[in-house]
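Structure record follows, encoded as structure tokens.
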Amino acid sequence: MDDLDRRIVTALQRGIAVVPRPFAAAARDLGIDEATLILKLKNLLAQGALTRFGPLFNADRLGGAFTLCAMSVPAHDFERVCGIVNAFREVAHNYEREHRLNMWFVLATADPAQIAEVRGRIESATGYPVIDLPKIDEYFVGLELAA
Amino acid sequence: MTDLDLVRATQAGLPLVPEPYAALAAQLGVAEDEVMNRFRIMLADGRVRRIGAVPNHYALGYRANGMSVWDLADEAVGELGPRVGALAFVSHCYRRPRRPAWPYNLFAMVHGRDRAEVEAQVAQIAALLGGAARAHDVLYSRRILKKTGLRVV
């Protein structure tokens, strides 16, 4: 990432406006032109510096449901279980963490009742228990990381 | 066009073209103004947090990503949780239930360029919580196994 890339990531984390040409407006603030900004964004996505560009939905308020799940998977079986878990379309993010509970993923479903059902299917498919840690309260979401 | 149509059309991302809302409108068979108005409403009521870039922490140089977890008295978490969430380096902060062999009820995600930076941040949280924190742990992420963004429909 070059200097301009960093400025773009920092600025566009805050979001673009809902106007007909939002990239032109954002580009102006960065002192570049619209075409350059769009090209840079495409490259940042292709390189993996951005995982996504678009609306950040609040699944709770959309009527969907989501929860954080954790599993304790033996090292020798980790890749197999990872493949099974990731194949579920309801699994949004999945992280390996350094802990007895070493696999942490977010389950997202359209309907709250489906959470328990999908969790059960993951337990059956992998052979390991899945701990469910639904959010009770949200105190803060959305850091702007300095790029 | 329903709100759900708009969610489905954009959950993988916004079209990276000069007029993204017009592109979506064409795809959904509605006017550009209708797409923009829906987004304005969803932003105002919190269903959409923002429309923007979602960075990969690792790619930005944040190699140490720690999920700090805290065991706070149930009656204290409502007051202390927002104060932890207000710390500049905390990206997400939630209250979650305890489970057998899992005593932690407050989760605060912290990010640093290395573990020393994360440890210093965790020490700041510990200082803020003082005696209210009975135990804590930090679960460092080793690998992103999947990150597709939330697919709700």
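Chains C and A are the protein sequences, given in the same order. Taken in order, the first sequence gives residues 1 to 147; the numbers are from this note's numbering. Taken in order, the second sequence gives residues 148 to 300; the numbers are from this note's numbering. A virtual CB, placed ideally from N, CA and C, is assigned to each residue, including glycine.
The residue from I136/C, E138/C, F57/C, L30/C with its alpha-carbon nearest to that of A191/A is F57/C. Residue pairing of Y139/C in beta bridges, as defined by DSSP: absent, with no partner found. Using a CB distance below 7 Å, the part of the stretch 252-279 of chain A facing chain C consists of H258, ordered along the chain.
In terms of Cβ geometry, R246/A and I131/C form a close pair [threshold 7 Å]. The beta carbon of R281/A does not come within 7 Å of any beta carbon belonging to chain C, so the residue lies off that interface.
Apart from sequence neighbours up to five positions away, the residues of its chain that approach V224/A with a beta-carbon distance below 8 Å are R242, N252, L253, ordered along the chain. Sequence-distant partners of M256/A (beyond 5 residues in either direction) whose C-beta falls short of 8 Å from its own C-beta, in its chain, are N212, G213, M214, S215, V237, S238, H239, C240.
Shortest Cα-Cα distance from V18/C to any of R196/A, M148/A, L151/A involves R196/A.
The beta carbons of I198/A and G63/C sit no closer together than 7 Å. Sixteen is the threshold: when 16 or more other Cβ atoms of the shown chains lie within 10 Å of the Cβ of H258/A, as they do, the residue is buried. The beta carbons of A279/A and L207/A sit about 32 Å from each other, so the pair does not count as a contact at 8 Å. The C-alpha of F140/C lies about 22 Å from the C-alpha of T295/A. As DSSP reads the structure, H204/A sits in no beta bridge. Against chain C, the beta carbon of R246/A has neighbours under 9 Å at A70, I131, D132, L133, listed in chain order. Under the DSSP assignment, D221/A falls in the alpha helix (DSSP H) whose first and last residues are 221-232. C-alpha of A178/A to C-alpha of A169/A: approximately 7 Å in a straight line. Following the DSSP letters along the chain, one finds G259/A in no alpha helix (DSSP H) but inside the beta strand (DSSP E) bounded by residues 253-259. One alpha carbon belongs to A263/A, the other to N86/C, and they sit about 31 Å apart.
With respect to chain A, the C-beta atom of R7/C has no partner C-beta closer than 7 Å. At least one C-beta of chain A is nearer than 7 Å to the C-beta of G15/C. A straight line joining the alpha-carbon of H204/A with that of W104/C spans about 17 Å.
Contact check for K40/C against L163/A fails: the beta carbons are separated by 7 Å or more. Scanning A59/C, A92/C, A49/C, R97/C for the CA closest to the CA of M71/C turns up R97/C. DSSP places M183/A in the helix class (H, G or I) of the three-state scheme. Cα atoms of I84/C and R155/A: separation of roughly 24 Å, rounded to the nearest angstrom. By the CB criterion at 7 Å, A108/C and E90/C fall inside the cutoff. With a 10 Å radius around the Cβ and a threshold of 16 neighbouring Cβ atoms, T149/A comes out exposed.
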